[in-house]
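Asks: First residue of the sequence shown: 104, per the working numbering; consecutive thereafter.
No residue lacks a Cβ here, since even glycine has one placed at the ideal position from N, Cα and C.
Since the model is a prediction, treat every value here as computed from it, not as a measurement.
Sharing a structure, written as C-alpha cells. Questions coming.
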Amino acid sequence: MDGSSDQAGRRREMTEKLARNEYLKEASRYLRGTLAEGLANDVTGEISEDDQQLVKFHGMYLQDERDLRAERTRKKLEKAFSFMIRVRIPGGVTTPQQWLAMDEIGRIYANGTLRLTTRETFQFHGVIKSNAKAAIQRLDSVLLDTIAACGDVNRNVLSASNPHQSGTHQAAYELAKNISDHLLPRTGAYREIWLDGEKIAGGEETAEVIEPIYGHTYLPRKFKTVVAVPPQNDVDIYAHDLGFIAILGEDGQLQGWNVTVGGGMGMTHGNTETFPRTANVLGFCKPDDALKFAEAVLTTQRDWGDRTNRAHARVKYTVETRGVDAWREEVGKRAGVPFEPARPFSFTGTGDRFGWTEGEDGRSHLTLFIQNGRIKDVPGGAQMMTGLRRIAEIHDGEFRMTSNQNVIVANVSPEKRAQIEQLVAEHGLTSEASAIRRNAMACVALPTCGLALAESERYLPSLITLFEERLNALGLGEEEIIVRMTGCPNGCARPYLAEIGFVGTGPGRYNLYLGAAFNGERLSKLYLKDVTEEEALEALQPLFEDFAANRQSGEHFSDFVIRQGYVAATTNGPDFHVNTGPQRLAAAQ
Ligand code: SRM
Ligand code: SF4
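And the structure:
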C-alpha cells in the first residue's frame, strides 16, 4: 500500500490552517505530551488542557462531577475532577477473571459501579488522578488495556454479540479482534506512562517506523468499526465509519464480507452542516482480504479527511464530499484488490435476545437486561455488582457485552446452569422487562458528561414507565418499539436510529425524533422541538392510539408513522434536516 504521495500531500496541508488538535498531536511526541508530569502533580486533580486531549488516546477523559459544581464554586474549591476510563474489549468478550478485575476496579478505584456502553465495553467513572495508574495496572494484569478506546484513532471494534450461530459469530469476533489489534497505535507512550515501561530514547525513528499506519498526526477524528452477522443488526452497522457484514453461502458457510463506510450520529443543534448519516455499502471482499480493506479505509480517511474543521472531520463527511464511487475505487486501489459487487443480505432488528438460548455444543447463553448499562448494587434493591461478581467466580465460559448495553453470560456449561440461575434470582438480576423498556437505551449524560444539556441515563427509566402505562392501556404492551435518549445531539445512544428518539436541548427539554427503521437501516426525522415530558407524552398519545387502531399486521411503529404521514421518510446526508416537523399537520394547513 503506497501512501507516500498522500503523506506528502498531508505534510503540505500541515502548512495550511489546521484544527488546533492537529498541532497538538504533531508536537505530542507520539501521544506523550506532558502526561507523565501532569499525573505526578498532586496539587491538583486536573491535568493541562492539552493533556486532556491527549489522554483520550489512552482511553480516558478528564471529567468533573457536575452535580457538585455549584457548591464547590461557592466554597471556592477546585471542581471535583476525576477520570472516566474506557476499556478496549474487541467484540465485547471478557473472561470471568477479567470480569473480576473490572469489578474490583469499579469498587476500589472508581465510583462503585460499572457502566456497559453502547460499544460493547466497560467504563469506570469517578477515578481520581491518584488512582488512575493503579486502575490501568490492574487491567494490564488481566491482559486488558484502554489504548485507543477514545481519541482520533480506530476505537474498540464491535462484533455481533449473540454466540448462538457459533461458527459465523466466531469469525466475526476474530475479525473484530484482528482489526482492533492491527489498527492499534504502536507508540510506546501508553506502556511508558501508565505501566512504568521503559522510556524509548526516541529522536532518530521516523513516523513510518513508530506509527507505520497512522503517521505522527493519527486520524483527523475518531474512527469506529463494527462487524455484523445478519439477520441481527445488533451492532447498528449503519452508525459507524467502517463496517463488515457477514455473507453466508447456501451451505451456511462464510463467503466473505460486504464493506460499509460513512455512518455516524453526531451533529450540533442549529448547524445543518452537521448531520447523522447511515453508512453506504461499498462492495464485497473475501475473508482473507478483510484486514487489507480495513486498513485501506482507515488510510483513505487519514489522507482525505478534513483536518481543518473537527466538526467536519468524520468519515461520513469525507464520503459526502468525495462520493461513494471515489471511495470504492480508492479503497480497492489501496487494498490491492478491487471490490466485488456487494452481495444480498437483510437485517431484521437491532435488539438483543433476552433469556437463555441454546448453543450448538450443549452449552447455553443467558442475556441479562441491564437498564442503560449501569451495573450497581442498589440499597434495598437489586445487587447487580455482587450478583455478577458471584457469577464470575463460578462461571467457566465468558461474558459478552452487547451494543445495547446488556450482558450475555455466554457458554455456560450444563453443570453450572442451575447455579447461575440461582445467583441471578438471588441478586435481582433479570432478563425480563417490558417490550419498550428492553428496547430502550440512554447515554450517560449527567452528572459526568461535560457535554450533556439534559438528563438521560438518570431520567429515561421513569419516562419509560409513563410510556408503559399508556401503551398497556391501548393493548400495545407487547409492542417492540425502540426508544433512545441522549443528553445532547452527539448521539451516543444512537437516537437518530431509534423509532422514538429524544435528544436533549436544555434542562428537561428534548427534540423528539420519529421514524427510524426497526432494523437500523433508516434514520429518523425531527418531529417536535424542545418539548417537555408532558408535551412529548401529549404529542405521542394520538399516534399511539392511531397505531393501536390502524396498524397493519406486523407493521413497526416507525413504518406506521411514515405511512400515515406523521413524518416524512428520511433521506440520507444533509437532507436529514429537510422536511422535518409534523408533516400531517403541515399538509392539512
Ligand atoms: Fe459518545 C463524546 C459517552 C458512544 C458520539 N461520548 C462522548 C463523551 C466522551 C463526552 C465528551 O467528549 O466529553 C461521553 C462520556 C460520557 C460519560 O460521562 O461517560 C460519551 N459515547 C459515550 C458512551 C459511554 C454512551 C453510553 O451511554 O454508552 C458510549 C461509549 C462507547 C464506547 O464504548 O466507545 C458512546 N458516542 C457513542 C456513539 C455510539 C456508537 O459509536 O455506536 C456515538 C455516535 C456514533 C458516532 O460516533 O457518530 C457517539 N460521543 C459521540 C460524539 C459525537 C461525535 C461526532 O462525530 O460528532 C461525541 C463528542 C465528540 O466527539 O466531540 C461523544
Ligand atoms: Fe454526553 Fe451527549 Fe454523549 Fe450523552 S450524547 S454521553 S450527553 S456527549
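Would you give the residue range spanned by the beta strand (DSSP E) that residue 218 belongs to?
Replies: 217 to 219
Asks: Spatial neighbours of residue 674 within its chain, please: C-beta separation below 8 Å, excluding the five flanking residues on both sides.
Replies: 681
Asks: Can you name, in chain order, every residue of its own chain whose Cβ lies under 6 Å from the Cβ of residue 235, other than the five neighbours on each side?
Replies: 186
Asks: Quick one: any contact between the region 661 to 680 and the region 617 to 636, if contact means 3 or more CB pairs under 8 Å?
Replies: The region 661 to 680 makes contact with the region 617 to 636; the number of CB pairs closer than 8 Å reaches 3 or more.
Asks: Report the CB separation of residue 453 from residue 622 in whole angstroms; it is logged as a contact under 8 Å.
Replies: That belief holds up - the Cβ atoms of residue 453 and residue 622 are roughly 7 Å apart, short of 8 Å.
Asks: Give me the residue from 219, 244, 326 with the minimum Cα distance to residue 160.
Replies: 326
Asks: With burial defined as no fewer than 16 other Cβ atoms inside 10 Å of the residue's Cβ, what is the status of residue 226: buried or exposed?
Replies: buried
Asks: How big is the Cα-Cα spacing for residue 547 and residue 371?
Replies: 18 Å
Asks: Near residue 507, what residues of its chain come up, given a Cβ to Cβ distance below 7 Å and the 5 sequence neighbours on each side ignored?
Replies: 337, 454, 455, 544
Asks: How many Å lie between residue 511 and residue 177 at the Cα?
Replies: 45 Å
Asks: How long is the line joining the alpha carbons of residue 175 and residue 488, rounded to whole angstroms?
Replies: 30 Å
Asks: Taking 8 Å as the cut-off, does the region 573 to 586 touch the region 601 to 616 (at least 3 CB pairs, one atom from each stretch)?
Replies: yes
Asks: Any heavy atom of the ligand SRM closer than 7 Å to the Cβ of residue 474?
Replies: no
Asks: Go through its chain and collect everything with a Cβ distance to residue 170's Cβ below 8 Å, but skip five positions before and after it.
Replies: Correct list, in chain order: 549, 550.
Asks: Tell me which residues share the same chain as residue 690 and place their Cβ nearer than 6 Å to its Cβ, disregarding the 5 neighbours each side in the sequence.
Replies: Same-chain partners within the cutoff: there are none.
Asks: Mapping the DSSP letters down to three states, classify residue 504 as helix, strand or coil.
Replies: strand
Asks: Judging by CA-CA distance, which residue of 628, 231, 443, 208 is the nearest neighbour of residue 145?
Replies: 231
Asks: Please list, following the chain, all residues that have a C-beta closer than 5 Å to any non-hydrogen atom of the ligand SF4.
Replies: 546, 547, 548, 552, 554, 555, 589, 590, 591, 593, 595
Asks: In the DSSP assignment, find the beta strand (DSSP E) that holds residue 347 and state where it starts and stops.
Replies: 345 to 351
Asks: Select from 648, 293, 628 the residue whose C-alpha is nearest the C-alpha of residue 671.
Replies: 628
Asks: Identify, in the order they occur along the chain, each residue of the same chain with its Cβ nearer than 7 Å to the Cβ of residue 467, setting aside the five sequence neighbours on each side.
Replies: 459, 460, 461, 515, 520
Asks: Do you know how far the Cα of residue 450 is from the Cα of residue 106?
Replies: Annotation note: pLDDT 45 at residue 106 (below 50); position unreliable, coordinate value reported separately. So the alpha carbons of these two residues sit roughly 36 Å apart.
Asks: Rounded to the nearest angstrom, how far is the Cβ of residue 373 from that of residue 342, given a contact under 8 Å?
Replies: No, residue 373 and residue 342 are not in contact; Cβ-Cβ is about 22 Å, not under 8 Å.
Asks: Residue 378 lies in the alpha helix (DSSP H); which residues open and close that run?
Replies: Residue 378: not part of any alpha helix (DSSP H); DSSP gives it neither H nor E.
Asks: With distances taken between CB atoms, is the gap from residue 165 to residue 131 smaller than 8 Å?
Replies: no
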